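A.B. asks:
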Amino acid sequence: MKRQLGFIVESGTDVRLIEGFAQRFELTVLARRIVGGVEISHEPTLPFKKTVGPASRLRFALSTALFVFKHRSTIDCWIVQGYALAALAANFACRLTGKPIRMLVCSPVEAYYRCRLDQPHLGMIYRQSDLLILKLLARLNARL
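Residue 41 in my numbering sits at position 38 of the sequence shown; the count goes up by one each step and never skips.
(1) Would you check if the stretch 17-26 and the stretch 43-55 touch, i.e. whether three or more CB-CB distances between them fall below 8 Å?
(2) Tell me the DSSP bridge mates of ILE16?
(3) Closest to ASP79 by CA distance: which of GLY40, THR31 and SER110 is it?
(4) Assign ARG105 to buried or exposed, taking buried as 16 or more other Cβ atoms, counted over all protein chains shown, within 10 Å of its Cβ.
(5) Tell me the rounded alpha-carbon separation between LEU33 and GLY9.
(6) Out of MET4, VAL71 and ARG6, which one is the CA nearest neighbour of LEU92?
(7) Measuring only the C-alpha atoms, how far is MET4 from PHE28?
(8) Among GLU13, ILE128, GLU113 and LEU88, which one has its Cα closest to the Cα of ASN144?
(9) Please report how far the alpha carbon of THR16 lies from the alpha carbon of SER44, in whole angstroms.
(10) Would you kindly check if the distance between the Cβ of ARG35 and the Cβ of VAL12 is under 8 Å?
(11) Run through DSSP, which three-state label would GLY101 get?
(12) If you drop the 5 nearest sequence neighbours on each side, which residues of the same chain put their C-beta closer than 8 Å to that of TYR86?
(13) Using a Cβ-Cβ cut-off of 8 Å (strictly less than) and excluding sequence neighbours within five positions of LEU65, which residues of its own chain qualify?
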């Protein structure tokens with residue numbers, strides 16, 4: 004029997020990750036709803052369980068903690084993609100439940116956020132305070 008893996012996705016993910024995990028584990032995915040986009044880049048061909056949570060980052064972080072607690076007896080290990088608010092919630096919940104968790108960082112969030120300065124025509128608002136929050140989340144996740 005395959006081990007149970009939980010994968011938490013806050014900002015969308017690539018189908019290759021889903022398929023790679025699903026080949027090796029019984030996979031359960033919790034993904035934040037991406038309004039006007041997709042949670043997974045393409046439809047996977049392998050079976051897995053998927054739950055789509057709220058689009059709001061704060062509500063998704065709360066959902067993440069509750070999801071980890073709810074599945075504490077069935078999921079053997081967790082992976083959280085990124086290091087923003089949902090990652091902090093997952094790290095904290097796993098710390099409380101005693102479940103192992105690993106963080107998968109595919110890209111530096113702060114660097115992507117700074118790109119808003121270079122691309123003002125896209126209409127994405129840049130706030131120095133938001134960048135500081137992202138840096139704080141990165142440090143809190145690293146410590147936890």
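From the three backbone atoms N, C-alpha and C, an ideal C-beta is built for every residue, glycine too.
The structure presented is a predicted model; accordingly, all values stated were derived computationally and were not measured.
C.D. replies: Checking against the coordinates, here is how it stands:
(1) Verdict: yes, contact present.
(2) Sequence index remark: in the sequence shown, residue 16 carries index 13 (1-based). The sequence as given places Thr at residue 16; Ile does not occur at that position. Bridge partners of THR16: ILE43.
(3) Taking the sequence shown and counting its residues from 1, the one referred to as residue 79 is at position 76. Answer by Cα proximity: THR31.
(4) Within the sequence shown, the letter at position 102 stands for residue 105. By the 16-neighbour rule on beta-carbons within 10 angstroms, ARG105 is exposed.
(5) Walking along the sequence shown from the start, residue 33 turns up at place 30. Walking along the sequence shown from the start, residue 9 turns up at place 6. A direct Cα-to-Cα measurement between LEU33 and GLY9 gives close to 8 Å.
(6) Sequence index remark: in the sequence shown, residue 92 carries index 89 (1-based). In the sequence under discussion, the amino acid at residue 92 is Ala, which differs from the Leu named in the question. Considering only alpha carbons, the answer is VAL71.
(7) Start at 1 with the first residue of the sequence shown, and residue 4 comes out as number 1. Start at 1 with the first residue of the sequence shown, and residue 28 comes out as number 25. Approximately 9 Å, taken between the alpha carbons.
(8) Position 141 of the sequence shown, counted from the start, is the residue given in the question as residue 144. Taking each of GLU13, ILE128, GLU113 and LEU88 in turn and checking the Cα distance to ASN144, the smallest one comes out for LEU88.
(9) Counting from 1 along the sequence shown, the entry for residue 16 is found at position 13. Counting from 1 along the sequence shown, the entry for residue 44 is found at position 41. A straight-line Cα-Cα distance of about 6 Å links THR16 and SER44.
(10) Here residue 12 corresponds to residue number 9 of the sequence shown, with the count starting at 1. Here residue 35 corresponds to residue number 32 of the sequence shown, with the count starting at 1. Contact flag set, yes.
(11) Along the sequence shown, read from residue 1 onward, the residue named residue 101 stands at position 98. GLY101 sits in coil when the DSSP states are folded into three classes, being neither helix nor strand.
(12) The count along the sequence shown starts at 1 and reaches residue 86 at position 83. The beta carbon of TYR86 lies closer than 8 Å to those of MET106, VAL108, VAL112, LEU140, ALA141, ASN144 and ALA145 in the same chain, with the five residues before and after it left out.
(13) On the sequence shown, residue 65 is found 62 positions in, with the first residue counted as 1. Hits under 8 Å: ALA92.
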